[in-house]
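Okay, so here's the structure we're looking at.
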Amino acid sequence: MNSYRDLIVWKAAMELAVDCYSVTTAFPSKEAYGMTSQIRRSAASIAANIAEGHGRENTGAFIQFLRIAQGSLKELETHLILSARVGLVVEKEGGRLLNQTEEIGKMLRSMIKSLQQKS
Numbered sequence: 000m001n002s003y004r005d006l007i008v009w010k011a012a013m014e015l016a017v018d019c020y021s022v023t024t025a026f027p028s029k030e031a032y033g034m035t036s037q038i039r040r041s042a043a044s045i046a047a048n049i050a051e052g053h054g055r056e057n058t059g060a061f062i063q064f065l066r067i068a069q070g071s072l073k074e075l076e077t078h079l080i081l082s083a084r085v086g087l088v089v090e091k092e093g094g095r096l097l098n099q100t101e102e103i104g105k106m107l108r109s110m111i112k113s114l115q116q117k118s
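Numbering that gives the first Met the number 0 numbers the first residue of the sequence shown as 0 and each following residue consecutively.
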């Protein structure tokens with residue numbers, strides 16, 4: 000694997016970030032510095048940490064950054080759940096995004112486990 004761009008988990012995280020940007024465009028302008036910003040930043044952080052960890056070219060560092068990506072993923076899930084509870088996200092969109100986070104979480108856990116076994 001030469002590039003982080005080849006990683007399926009990075010591609011999925013990028014797709015999730017794009018979807019989060021799209022969904023939050025419908026949020027009220029009063030949320031621009033609140034929930035909109037929080038969702039977008041945590042979503043972008045997932046793919047960014049995967050890329051940064053891969054770029055370290057060290058298995059231990061990569062695992063650490065994958066764990067940071069997991070933390071960002073859980074932060075995003077929490078923001079999405081709260082957004083649904085306060086009526087910012089409709090159930091269908093929120094459910095779709097949460098399904099994506101679940102799949103990415105599985106990929107991250109699997110990748111961490113695989114890297115740990117190799118080191």
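Using N, Cα and C, we set each Cβ at its ideal position, and we do this for glycine too.
| request: Kindly list the residues whose CB is nearer than 6 Å to the CB of Ile111, restricted to its own chain and excluding five residues on each side of it in sequence; keep chain order. | output: Ile62 and Leu65.
| request: Give the DSSP-derived three-state secondary structure of Phe61 in the structure shown. | output: In the structure shown, Phe61 adopts helical secondary structure according to DSSP, grouped into three states.
| request: Under 8 Å by Cβ, that's how I've got Gln99 and Asp18 pegged, so tell me the actual separation to the nearest angstrom. | output: Yes, they are in contact, since the Cβ atoms of Gln99 and Asp18 sit about 7 Å apart, within 8 Å.
| request: Just confirm the distance between the C-beta atoms of Ile7 and Met106, as a whole number of angstroms; I'd bet it's less than 8 Å. | output: The beta-carbon separation of Ile7 and Met106, rounded to 7 Å, stays under the 8 Å limit for a contact.
| query | If we call anything under 8 Å between Cβ atoms a contact, is Ser41 one with Ser71? | reply | The Cβ atoms of Ser41 and Ser71 lie closer than 8 Å to each other.
| task | State yes or no: is the C-beta of Ser82 within less than 8 Å of the C-beta of Gly93? | result | Gly93 is positioned such that its CB atom lies closer than 8 Å to that of Ser82.
| message | Closer than 7 Å to a non-hydrogen atom of the ligand NAP - does that hold for the CB of Lys91? | response | Judged by which ligands are present, the structure shown has none, so any question about the ligand NAP falls away.
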